[in-house]
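Contents: one structure, followed by commentary.
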């Protein structure tokens, strides 16, 4: 199906730039880790996963501890961003879902006779290389 | 005549995509097991309770920092990365593609705009490096990942956060920002999985992000014929596509709606905006919906792995053909149209 000569000659990222980027990435990650945690090994206690006011967890800390009303507004603002983006993403899902249905309608049905389908576009069966789409 | 649809990205890009996907999936599973701990109690328990989940979240968080910095550095220091920048900027074509997609769905356009097309087929030359959705994904995910990495590090370093915000409450509000910020990306990733898993021509996974361009032949179809169509009418629909795409589409919608509703009513771990907050799952429906959202992410993780399996198979097939170049297609190996497009050669290839 594919001879080596069909493959493109490519000039992607050089090994040096990949190596430098990897070293920088790892170094910054290590520095971040050191800045955030230091050299101690520790973990969070169950306390953090206890959001209720009644349970006396972080929820009550917030309720009694927040002295900055603007924070409430900022949280509401992010909620709004979530809702707006969520609605937009849903629209995109529906558009693609419908587009996929239409594209599927243009394709051959499973088990459809190949000779009939080829006759429809006036082509010949010889070029039928694209069966299955991904060719892999 | 045209590039096949799967050869858009370099090997580095495809590998980066897989690593980033794996890391982000783990961050989602752990992060939202915390945020939606009422609904995803089983996930929290499965990953070792609060201690285990926060530990995994931090380890993968550091992985995210490394990956993000790696990618930013690579885009700056390499000519390939710099030349790609203009290709990801949104333009008029992208707005046209969005409008034409709506017209296509309504039956007022015969085909999708080249900037929206996932299956280019014979017209693959017209398809840009990234579709309008691809550009949106790059922009939104880049901003989100950067903000999430920074806010995550600030949350991790309590003293760093306290120094910036002075009060403990403000520091806790930051945790909520972090969780709510990730909701946008969580919903976006669900759509991303649907878009690239359920396209009828590529179902069950679009291999563009897994098989690098260097492994994909340059042309297919009739050499000298000007194509009228993409050639999608020559492809056979998979027998399971209608059922699976319908179920998965429904799961995607339910998952997105549920995490959105959950993020509003659960108010985001751990800070309640209102005095009265729920101490358990808001409703059975919400619990089911949020869990379905996690299943969508799980499918995405599996598809990502499957994409890599396909790449390995493809690589093996190429190896076999190299050993028997003429036996593979029964004829002479082609030596003509393999030259890459000049623009593409300069950028992602």
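Residue numbers (the UniProt record's numbering), protein chains in the order written: chain A, 1 to 136; chain B, 1 to 349. We put the beta carbon where it would ideally sit given N, CA and C, even for glycine.
Original post:
residue 133(A) to residue 235(B), Cα distance in whole Å?
Top reply: On the first chain, position 133 is the one that residue 133(A) refers to. On the second chain, position 235 is the one that residue 235(B) refers to. Interpretation of residue 133(A) is limited by its pLDDT of 36, a score under 50 that renders its predicted location unreliable; the figure taken from the coordinates is listed afterwards. Straight-line Cα distance between these residues: approximately 6 Å.
Original post:
Is the Cβ of residue 42(B) closer than 8 Å to any Cβ of chain A?
Top reply: Here residue 42(B) refers to the residue found at position 42 of the second chain. False, the Cβ-Cβ gap to chain A never drops below 8 Å.
Subject >> Neighbouring residues, chain B, relative to residue 100(A) (Cβ below 7 Å) >> reply: Here the question's residue 100(A) lines up with position 100 in the first chain. Within 7 Å Cβ-Cβ: 198, 199, 200, 245.
**OP:** Could you check if residue 86(B) is buried or exposed, using at least 16 other CB atoms within 10 Å of its CB as the buried criterion?
**Re:** As a first step, residue 86(B) must be located in the second chain, where it is residue number 86. So residue 86(B) ends up on the exposed side.
Original post:
DSSP three-state call for residue 11(A): helix, strand or coil?
Top reply: Your numbering for residue 11(A) matches position 11 in the first chain. Residue 11(A) falls in the coil class under three-state DSSP.
Original post:
If we cut at 8 Å on Cβ distances, does residue 187(B) have a partner in chain D?
Top reply: Any reference to chain D falls outside this structure, whose protein chains are A and B.
Original post:
Could you check where the alpha helix (DSSP H) with residue 82(A) kicks off and where it finishes?
Top reply: Working through the first chain from its first residue, we reach residue 82(A) at position 82. Per DSSP, residue 82(A) belongs to the alpha helix (DSSP H) from 69-106.
Subject >> First through last residue of the alpha helix (DSSP H) which encompasses residue 85(B) >> reply: Residue numbering aside, residue 85(B) sits at position 85 when the second chain is read from its first letter. Per DSSP, residue 85(B) belongs to the alpha helix (DSSP H) from 79-88.
Subject >> Contact with chain A by residue 306(B), beta-carbon distance below 8 Å >> reply: Locating residue 306(B) in the second chain gives position 306, counting from the first residue. Taking Cβ atoms only, chain A never reaches closer than 8 Å to residue 306(B), which makes this a no.
**OP:** Less than 8 Å between the CB atoms is what I'm expecting for residue 118(B) and residue 109(B), so what's the real figure, rounded?
**Re:** Your numbering for residue 118(B) matches position 118 in the second chain. Your numbering for residue 109(B) matches position 109 in the second chain. So it is not a contact: roughly 16 Å between Cβ atoms.
Original post:
Buried or exposed: which applies to residue 70(B), given that a residue is buried once 16 or more other Cβ atoms fall within 10 Å of its Cβ?
Top reply: Within the second chain, the letter at position 70 stands for residue 70(B). With at least 16 other beta carbons inside 10 angstroms of its own, residue 70(B) counts as buried.
**OP:** Please decide whether residue 62(B) counts as near chain A, where near means a Cβ-Cβ distance under 8 Å.
**Re:** Taking the second chain and counting its residues from 1, the one referred to as residue 62(B) is at position 62. Closer than 8 Å: yes.
**OP:** Apply the 10 Å Cβ neighbour rule to residue 321(B) and answer buried if 16 or more other Cβ atoms are within range, or exposed otherwise.
**Re:** By 1-based counting over the second chain, the position of residue 321(B) is 321. Classified as buried, residue 321(B) has 16 or more neighbouring CB atoms from the shown chains inside 10 Å of its CB.
**OP:** Just tell me which of 246(B), 243(B), 283(B) has its CA closest to the CA of residue 261(B).
**Re:** In the second chain, counting from the first residue as 1, residue 261(B) sits at position 261. The shortest Cα separation from residue 261(B) among 246(B), 243(B), 283(B) belongs to 283(B).
**OP:** Determine the contact status of residue 80(B) and residue 212(B), defining contact as a CB-CB distance below 8 Å.
**Re:** Residue numbering aside, residue 80(B) sits at position 80 when the second chain is read from its first letter. Residue numbering aside, residue 212(B) sits at position 212 when the second chain is read from its first letter. It is not a contact, given that the beta carbons lie outside the stated cut-off.
Subject >> The alpha helix (DSSP H) enclosing residue 17(B), as first and last residue numbers >> reply: The residue labelled residue 17(B) in the question sits at position 17 within the second chain. Here the alpha helix (DSSP H) through residue 17(B) covers 11-35.
Original post:
For residue 351(B), does the three-state DSSP call read helix, strand or coil?
Top reply: Examination of residue 351(B) is not possible in this model, given that chain B is present from 1 through 349 alone.
Subject >> Partners in chain A for residue 67(B), counting only beta-carbon separations shorter than 7 Å >> reply: By 1-based counting over the second chain, the position of residue 67(B) is 67. In chain order: 25.
Original post:
Within 10 angstroms of its Cβ, does residue 268(B) collect 16 or more other Cβ (buried), or is it exposed?
Top reply: In the second chain, counting from the first residue as 1, residue 268(B) sits at position 268. Unreliable positioning characterises residue 268(B) in this predicted model, as indicated by a pLDDT of 47, which lies under 50. A coordinate reading is not provided.
Original post:
Sorted by chain position, which residues of the same chain lie with C-beta nearer than 7 Å to residue 130(A)'s C-beta, five sequence neighbours on each side aside?
Top reply: As a first step, residue 130(A) must be located in the first chain, where it is residue number 130. Residue placement at residue 130(A) cannot be trusted, given a pLDDT of 39 that sits under 50; what the coordinates show is reported in the next sentence. Excluding sequence neighbours, residue 130(A) sits near nothing in its chain.
Original post:
Taking Cβ positions only, does residue 288(B) come closer than 8 Å to chain A?
Top reply: Indexing the second chain from 1 puts residue 288(B) at position 288. With 8 Å as the cut-off, residue 288(B) does not count as an interface residue toward chain A.
Original post:
Measuring CA to CA, which of 227(B), 204(B), 233(B) is closest to residue 126(B)?
Top reply: What you label residue 126(B) is simply residue 126 of the second chain in a count that begins at 1. The shortest Cα separation from residue 126(B) among 227(B), 204(B), 233(B) belongs to 227(B).
Original post:
Quick one: does residue 69(A) have its CB under 8 Å from some CB of chain B?
Top reply: The residue given as residue 69(A) occupies position 69 in the first chain. Residue 69(A) does not count as touching chain B.
Subject >> Test item: CB-CB of residue 102(A) and residue 194(B) under 8 Å >> reply: In the first chain, the residue the question calls residue 102(A) occupies position 102. In the second chain, the residue the question calls residue 194(B) occupies position 194. Not closer than 8 Å, so no.
Subject >> Three-state secondary structure (DSSP) of residue 211(B) >> reply: For this step, residue 211(B) is matched to residue 211 along the second chain. The answer is coil: DSSP assigns residue 211(B) none of H, G, I, E or B.
Original post:
Can you list, in chain order, the residues of its chain whose CB lies under 7 Å from that of residue 303(B), leaving out five sequence neighbours each side?
Top reply: To locate residue 303(B), count along the second chain from 1; it is residue 303. Closer than 7 Å at Cβ, skipping near neighbours: 193, 197, 204, 205.
Subject >> Cβ separation of residue 184(B) and residue 81(A), assumed to be a contact under 8 Å, to the nearest whole Å >> reply: As a position in the second chain, residue 184(B) is number 184, starting the count at 1. As a position in the first chain, residue 81(A) is number 81, starting the count at 1. The Cβ separation is near 7 Å, so the contact holds.
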